[in-house]
Structure formats: structure tokens, C-alpha cells
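Report on the structure given below.
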Ligand SMILES: [Mn+2]
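In my numbering, the protein residues as written are 6 to 324.
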């Protein structure tokens, strides 16, 4: 695990010498990207910096209770007007498009914990051994002796809780628990986070999950648990494709299975496959995803294939 002490020093130097700073959150923002830009925004605002947040998608409703920021559509901003631009989390989902319009005198900073990031900025703070970008931002704020107020602490905790699946994924290190304890001491509100993130299920989501669980089958040959969701299912439940996100993780909790696969119909003849596993199961789902032209992590991967899911008397098949 890298300490980034020289990168943190350089970053702080860049911040101190910038007047206008753009923070970039990734497309389809989650708690980690939103929490990290929000924590950084607190720090920068305290230094009197002028900041904007760019994101190709709006801040989701459920995060608005915690993250009090306006996300601007990048094309509505004058990208050239910022002295420095800091992208937080999944920098290849959004910032990769913004970087094309950046001029030579602007400083770019990439902060990420995803593996295989090809994009390069002037300062690169990237290490997949961190649980979340919020963990990295916590280390940065600590290294510059920034004051972590209650709001900052809640935002950082939001990212850590989101990306560790409430401290249950393999990335929950002792260091993560120490940081979580520090954030609690600084006033992070667990109630606010759990309410916003985990107690917000719509009836449409639950109905769709019900359909997915009803159809789930275990394939004994490879101990896979699999289910399918058609466009018709999604429409019948008045749900959206966002509601599918957690189905694979929940199926993966069935004892005796090595990994889960959810096949869901997306727009016009595209089927998306979502694969999940857990460290203790010893599976590598990225190998399966890459066989279908997809990719991801060992424990969470995805792919897309052409086709349609046909429901039959006997169950379902891919056509
Ligand atoms: Mn993340």
C-alpha cells in the first residue's frame, strides 16, 4: 500500500496555488465518488477556493441527504477556466472525456483505487489496495493536517461504507476500521448513511427482486447461482435497470454457491451479465467476464452479449 507522501505534498502545493478548482465525480455517481468530492470540497472551501463539481449524471436522490453539492454537467462548464482539475474514483468513467479539453497549463490530478487505470494526469494517486477513494482522501486530509468536520467525516464514511459493502468485503482492512473509528469520533453519522443508502428500497425494487429470486437456479456443475430479468419484468414492476444492481450480491449470499450471475435485458437486443463472488469462495469472476469480452475485479465483474431472454414453460433461454 502506497503512502503517497510526496504526491500529497505536491497536491497540496497545487491546491494552494489554484484559485479555481474543478472536482470531477464519475458517471452514475456512487457514495465513494460523491463522498470524496464532497470531503475535498469542504477542505477547498475552507481555504477560500472557488470550486465546481462536474459529473455527466446528476447526484442520485438518495445521496442528497448527505452530499450537499450541485453537480454540473461538464459541457455546461468552461473547462479551460480552472487552474486545476481533480478527478475522484473511476476516472475512466467521465473524466476521460473531460481531459481531452484540458490545456497544457492546467494541472490534472487523478485519485483512484481501481486496477488497470491507463489514463494519466500530472499527479496520479492510484492504488487498488485502498478500500475506497474516501480512504485515500482521509489520508490526504490527515497528511495536510486539515480539520475534518462532522460533514467531511460523514462524507468520507459514506464512501468507505459503500465500497466495503458495510465492512463485509475483503477490502475491509484493520486500517479501514481504524479510519472508520476516527471518523465516528469526528462526528460521522452512521444513522444518516444507513438511512440514505440502505433503508430506501422502493416497492418496485422489491417486486423486481422478488421476480429475480423466484427464477434463481443453482447450477451444480460449477456451483453458480443464476437468474434472469427481462425488459418485460422490469416494465411490469415499474422498476428501472438501476434496481438490478444489488440482485447479484444478494444471490451470492446463498451457501454452497461459488459465484452469482444475473442476466438482464437492456436496450435493443443487449443482455448484461453481472457476476459477483466473495473472497472466501475462491472464485475469479473476472476470468468468466473476459471470456465474454467483459472485465472487472476478481469478485465483481460484468459483460454484455447480444441476444434476448426468452421465457418458456420450462424456464428461460437465450436467443
Ligand atoms: Mn470507489
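Here a beta-carbon is modelled for each residue, glycine too, at the ideal position from N, C-alpha and C.
heavy atom of ligand 1 below 7 Å from residue i C-beta
i: residue 137; result: yes
i: residue 302; result: no
i: residue 174; result: no
i: residue 243; result: no
i: residue 118; result: yes
i: residue 57; result: no
i: residue 121; result: no
i: residue 132; result: no
i: residue 94; result: yes
i: residue 62; result: no
i: residue 248; result: no
i: residue 47; result: no
i: residue 37; result: yes
i: residue 168; result: yes
Own chain, CB closer than 7 Å to residue i, minus 5 neighbours either side, in chain order
i: residue 148; result: 10, 13
i: residue 164; result: 36, 37, 40, 41, 137, 138, 139
CB-CB length for residue i against residue j, believed under 8 Å
i: residue 30; j: residue 60; result: 4 Å
i: residue 268; j: residue 233; result: 5 Å
i: residue 131; j: residue 103; result: Not quite, the Cβ-Cβ distance comes to about 17 Å (not below 8 Å), so this is no contact.
i: residue 299; j: residue 278; result: 7 Å
i: residue 158; j: residue 186; result: About 11 Å separates the two Cβ atoms, so there is no contact after all.
8 Å Cβ cutoff met for residue i and residue j
i: residue 202; j: residue 36; result: yes
i: residue 64; j: residue 56; result: no
i: residue 307; j: residue 280; result: yes
i: residue 136; j: residue 178; result: yes
i: residue 294; j: residue 287; result: no
i: residue 311; j: residue 275; result: yes
i: residue 23; j: residue 69; result: no
i: residue 47; j: residue 154; result: yes
i: residue 291; j: residue 243; result: no
i: residue 143; j: residue 107; result: no
i: residue 32; j: residue 80; result: no
Contacting residues, own chain, Cβ-Cβ under 6 Å from residue i (five flanking each side not counted)
i: residue 304; result: 282
i: residue 126; result: 113, 114, 115
i: residue 217; result: 232, 234, 252
i: residue 188; result: 158, 161, 162
Close-in-space but distant-in-sequence residues of the same chain around residue i (CB under 8 Å, 5 per side omitted)
i: residue 128; result: 12, 15, 16, 19, 112, 113, 114, 115
i: residue 87; result: 23, 25, 26, 27, 57, 111
i: residue 229; result: 223, 262, 263, 264, 265, 266
i: residue 76; result: 30, 34, 58, 59, 60, 62, 63, 64
Complete beta strand (DSSP E) runs within the stretch 213 to 251 (minimum length 3 residues, chain order) = 222 to 224, 229 to 234
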